[in-house]
Amino acid sequence: MKLPKLITGDMQAGRVVPPTGVIARLTGFTAGAMAFLAVFALALSLASGRLADRWAAALADSATIRISAPPGQMETQTRAVLKILSETPGVASANALTKEAEKKLLTPWFGPGLPLGELPIPQLIDVQETGKGFDAEGLRQRLSAEAPGAVLDDHARWRRPLVRAAERLRLLGLISIALLTGATAAMITLAANAALAANAQVIRVLRLIGARDSYIARAFVRRFTLRALGGAVAGTGLGMLAIAVMPAAAPEGGFLTGLGFAGIGWLWPLLIPPLAAIVAFAATRFAAFRTLRGLS
Amino acid sequence: MIEFQNVAYNYGGGELLSEMTLTLAPGSFHFLTGPSGAGKTTFLKLCYGELLATAGRVNVFEADVKTLSRDEVARMRRRIGVVHQDCQFLDHLPLAENVALPLTVSGRAVTDTDVEDLLNWVGLKSLAGHRPPELSGGERQRAALARAIIMGPDVILADEPTGNVDWDMSQRLLQLLIELNRMGKTILIATHDLNLIRNAKAQVAARVLRIRNRRLHLAGSDL
Numbered sequence: 000m001k002l003p004k005l006i007t008g009d010m011q012a013g014r015v016v017p018p019t020g021v022i023a024r025l026t027g028f029t030a031g032a033m034a035f036l037a038v039f040a041l042a043l044s045l046a047s048g049r050l051a052d053r054w055a056a057a058l059a060d061s062a063t064i065r066i067s068a069p070p071g072q073m074e075t076q077t078r079a080v081l082k083i084l085s086e087t088p089g090v091a092s093a094n095a096l097t098k099e100a101e102k103k104l105l106t107p108w109f110g111p112g113l114p115l116g117e118l119p120i121p122q123l124i125d126v127q128e129t130g131k132g133f134d135a136e137g138l139r140q141r142l143s144a145e146a147p148g149a150v151l152d153d154h155a156r157w158r159r160p161l162v163r164a165a166e167r168l169r170l171l172g173l174i175s176i177a178l179l180t181g182a183t184a185a186m187i188t189l190a191a192n193a194a195l196a197a198n199a200q201v202i203r204v205l206r207l208i209g210a211r212d213s214y215i216a217r218a219f220v221r222r223f224t225l226r227a228l229g230g231a232v233a234g235t236g237l238g239m240l241a242i243a244v245m246p247a248a249a250p251e252g253g254f255l256t257g258l259g260f261a262g263i264g265w266l267w268p269l270l271i272p273p274l275a276a277i278v279a280f281a282a283t284r285f286a287a288f289r290t291l292r293g294l295s
Numbered sequence: 000m001i002e003f004q005n006v007a008y009n010y011g012g013g014e015l016l017s018e019m020t021l022t023l024a025p026g027s028f029h030f031l032t033g034p035s036g037a038g039k040t041t042f043l044k045l046c047y048g049e050l051l052a053t054a055g056r057v058n059v060f061e062a063d064v065k066t067l068s069r070d071e072v073a074r075m076r077r078r079i080g081v082v083h084q085d086c087q088f089l090d091h092l093p094l095a096e097n098v099a100l101p102l103t104v105s106g107r108a109v110t111d112t113d114v115e116d117l118l119n120w121v122g123l124k125s126l127a128g129h130r131p132p133e134l135s136g137g138e139r140q141r142a143a144l145a146r147a148i149i150m151g152p153d154v155i156l157a158d159e160p161t162g163n164v165d166w167d168m169s170q171r172l173l174q175l176l177i178e179l180n181r182m183g184k185t186i187l188i189a190t191h192d193l194n195l196i197r198n199a200k201a202q203v204a205a206r207v208l209r210i211r212n213r214r215l216h217l218a219g220s221d222l
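Read top to bottom, the protein sequences are chains A and B. So that you can map any letter, position 81 of the first sequence is 80 in numbering that gives the first Met the number 0, and since no number is skipped, the others follow by simple counting. So that you can map any letter, position 213 of the second sequence is 212 in numbering that gives the first Met the number 0, and since no number is skipped, the others follow by simple counting.
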């Protein structure tokens, strides 16, 4: 039983089974609801993936050393820190930020007219790590001994659990889709079994006049597959619409504003209706042949 | 066509049919009679594979029914037209589609003319668009006969085809079956209507089989 033939041909096979009314409508509704939820699970998974990737990229980037010292010692301590960093394994490069660069960083908070020279702004040193990274604890001890005003902020370390959390969230999204798929299959199997039981007499008549199992199964499979496909198209459409009208993701936005699809990611939900149809096809076919095998 | 070799059938609660040996030759006309519950319907079901013998062997078209796959059983049933006691239609389809159903399920082309001709032959042309529940008992029996023969089967099995119809209608159905036999079809009618049998024997060389004490006997002048 080929899927295209199932969709396009043999309308007569579908006609031999009387309309199943409520069962068919419930199948469509179930598939629609599951597809709607699957869109959100997919959006969650993709957003989590993007978040994990972004944080992971930041993790690989850098650490910062902040030097707070009296004006007379600032330059000495900065040189000392740069020397320590040049000798520390795992440090690829270290650059003290210029006053201009620091001013640029602070502008969003204090505005453009910041009198940087009059404020006790700490000196920042941007540290780029090698792939293996450095021994943060060892570096801290050395800094406290040789440059007491220097504080190592290895922000990458606190991001690591966040990245792990985002990756778990992505996995949970995928697991949710798998569970929704399984639940859809289970519900369609139950609905198909109910339809088969309700039409036991029809099936018997068809067998007695020489219908093959594949013909009888096709009548049910076609109906449930098309119902599931229709429901899933509607559910997916509504789900995508709901995602589209969510507030747009912005760099300063939190995780929730980033829940959505980006670029080619909008194509992923379009896989949900065919997936629902395939699940319905397999579930109904399984149920139909199992029932038919029990008949003479 | 159909051959029983020492066949027995056990329902689980005891043996219903026992030591049955019979051959239905091509073009033959048989009646199967016996009291209610004797096993006439079971005998017919063994003929078209709805039930399988618990002992012995049933050959249909030279194949042991027990060895046939489900698809082979379906193909075998396309060569056997069965008129069931309760007719068994699909109530949601009009009469014409019900009659054409064997053609539909076997993937053969259905022409309106063929179905119309057949309905005309059984006197139901004007009811082609009606649904089965709208038909009388006699009309349903004739429609069942039309459905049974639309595939041009080699064998026609009828289970109490006149059970729910009046005398005139039973004679009309009998005439249709005799006409089919004259066309070369093998006919087996299960009935307890002895008048029907007597009437038929006056017109066609029919053998009468009787199930008594679980066994098959050839009935004679006692009818």
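Quick reminder that beta carbons are idealized off the backbone N, C-alpha and C, glycines included. All of these numbers come straight from a predicted model, not from anything done at the bench.
- Taken atom to atom, the span from the alpha-carbon of R158(A) to that of W54(A) is near 7 Å.
- With respect to chain B, the C-beta atom of R226(A) has no partner C-beta closer than 8 Å.
- By DSSP's assignment, D63(B) forms a beta bridge with N58(B).
- Using a Cβ-Cβ cut-off of 8 Å, I208(A) counts as an interface residue toward chain B, since at least one Cβ of chain B sits closer than that to its own.
- Sixteen is the threshold: since fewer than 16 other Cβ atoms of the shown chains lie within 10 Å of the Cβ of F109(A), the residue is exposed.
- Ranking R139(B), L45(B) and I186(B) by CA distance to the CA of T53(B) puts L45(B) first.
- Secondary structure of S143(A) (DSSP, three-state): helix.
- Under the DSSP assignment, L151(A) falls in the beta strand (DSSP E) whose first and last residues are A149 to D152.
- Going by C-alpha positions, A197(A) is about 14 Å away from H91(B).
- When the Cα atoms are used, P25(B) and L187(B) turn out to be separated by approximately 11 Å.
- When secondary structure is reduced to three states using DSSP, G11(B) falls in the coil class, being assigned neither helix nor strand.
- Annotation for T32(B): the continuous beta strand (DSSP E) segment containing it runs F28 to T32.
- Cβ contact annotation for E18(B) (same chain, cutoff 7 Å, sequence separation greater than five): N5, A7 and R214, in chain order.
- Taking a Cβ-Cβ cut-off of 7 Å, the neighbours of R77(B) in chain A comprise G209, given in sequence order.
- A buried status is given to R141(B), since no fewer than 16 other beta-carbon atoms sit within 10 Å of its beta-carbon.
- Take L100(B), set aside five residues on each side of it, and the residues of its chain with a beta-carbon closer than 8 Å to its own are L89, L92 and R146, in chain order.
- Shown in chain order are the members of the segment 12 to 43 of chain A whose Cβ falls below 8 Å from a Cβ of chain B: R14, V15, P17 and P18.
- Beyond the five residues adjoining it in sequence on each side, G293(A) comes within less than 6 Å, by CB distance, of no other residue in the same chain.
- Under the three-pair Cβ rule at 8 Å, the segment 98 to 105 of chain A does not count as touching the segment 66 to 79 of chain A.
- As a beta-bridge residue in DSSP terms, T63(A) pairs with D125(A) and D152(A).
- Contact annotation: the segment 62 to 81 of chain B does not touch the segment 117 to 128 of chain B, with fewer than three C-beta pairs closer than 8 Å.
- Less than 8 Å separates the beta-carbon of G89(A) from that of F133(A).
- Remark: C-beta atoms of A286(A) and L179(A) do not approach each other more closely than 8 Å.
- The contact set of Q87(B) on chain A, defined by CB atoms closer than 8 Å, consists of Q200, R203, V204 and L207 in chain order.
- M19(B) sits in a strand when the DSSP states are folded into three classes.
- Interface flag for H91(B) against chain A is set, since a Cβ pair is found closer than 8 Å.
- Burial state of L240(A) is exposed, judged by a 10 Å Cβ sphere holding fewer than 16 other Cβ atoms.
- Within the segment 109 to 141 of chain B, no residue places its CB atom closer than 7 Å to a CB of chain A.
- For D52(A), no chain B residue has a C-beta closer than 9 Å to its own C-beta; the minimum C-beta separation is roughly 54 Å.
- Going by DSSP, S92(A) is part of the beta strand (DSSP E) stretching over V90 to A95.
- At a cut-off of 8 Å between beta carbons, L100(B) contacts chain A.
- For D70(B), the closest Cβ of chain A is nearer than 8 Å.
- When C-beta distances to chain A are compared with 9 Å, the residues of the segment 49 to 62 of chain B below that value are E49, L50 and L51, in chain order.
- Here the segment 227 to 245 of chain A does not lie against the segment 205 to 214 of chain A, with fewer than 3 beta-carbon pairs under 8 Å apart.
- Between L94(B) and A127(B), the gap from beta carbon to beta carbon is short of 8 Å.
- For R214(B), no Cβ of chain A is located within less than 8 Å of the residue's own Cβ.
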